[in-house]
Amino acid sequence: IVPSNFAGLSLRRMLAGTEAHDGRVGIANVDFVTPYRLAELLGRSELAQQALIPLTTPVLTAGIRVALHQRAGFFTPVAGHHATESALVACYAELSRARPETLTRLAVGGSPRVRAVIELFGRVRAALTGYADEDELARAALGALLGDRAEVAALGTAILFLPEPRSPALTDLLA
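Heads up: the sequence shown runs through residues 165 to 339, numbered per the numbering used here.
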């Protein structure tokens, strides 16, 4: 389990060129997956039963782009800028882990920018029904692990390479 696809590619190349004690070179039957991809592999059956599909970054970005196009409001001067979309995608990930009462407090007591972000988050989340965010996916994967499903039996030995801070749900899954 690698922190990013780039790290997986680098590690794969490094291990493929490493000579073993018996003089052989290479690796076989090894997958390099990110924590999110692991959650997707393990949790997809659970999500399918709930008629949900994993929310990907391109789908989220498109949802944010549509919401900004429909009503940019506070973001009007920067609505078409790529950096705005990237920042709002990152905010969505953070806000999707927040408790409802926290979101309410932010919407009521926050600055105009904070209120605009919370309002946009609500509109995007409402538009993306049918999609499971990262935490929902990780919880479904953890349920599969605890339920000892067939997907888990095929997992084999897992090694967490270069662990990084993750969301609480992904941390629980990796633990």
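C-beta atoms are modelled at their ideal positions from N, C-alpha and C, and glycine is treated no differently.
Using only alpha-carbon positions, find the residue among the options that is nearest to residue i.
i    : options                : result
A296 : D195, E204, L173       : E204
A154 : A243, R208, S260, L173 : With the chain covering only 165 through 339, there is no way to say anything about residue 154.
H233 : L284, A322, E265, L292 : L284
L310 : L216, A339, R201       : A339
L306 : G207, A180, L179       : G207
L219 : P241, S260, A231, I191 : S260
L292 : A231, F170, Q213       : A231
L224 : N169, L173, E249, L175 : E249
D336 : A304, T268, G274       : A304
P276 : G237, R263, L252       : G237
T221 : G320, R269, A251, A262 : A251
Cβ atoms of residue j and residue i: under 8 Å apart, would you say?
i    : j    : result
V194 : I165 : no
E298 : A257 : yes
A254 : A302 : no
V288 : I228 : yes
A271 : I282 : yes
I191 : L202 : no
E265 : P167 : no
Below 8 Å on the Cβ atoms is my guess for residue i versus residue j; work out the distance and round it to an integer in Å.
i    : j    : result
F325 : A280 : Incorrect: roughly 39 Å between the Cβ atoms, too far for contact.
A308 : E210 : 6 Å
L340 : G286 : The displayed coordinates of the chain run from 165 to 339. Any statement about residue 340 would go beyond what the structure contains.
R330 : P199 : 6 Å
Worksheet item: Curious, which full-length alpha helix (DSSP H) runs of at least 4 residues does the segment 213-285 contain?
Response: Whole alpha helix (DSSP H) segments, 4+ residues: 221-234, 246-259, 264-273.
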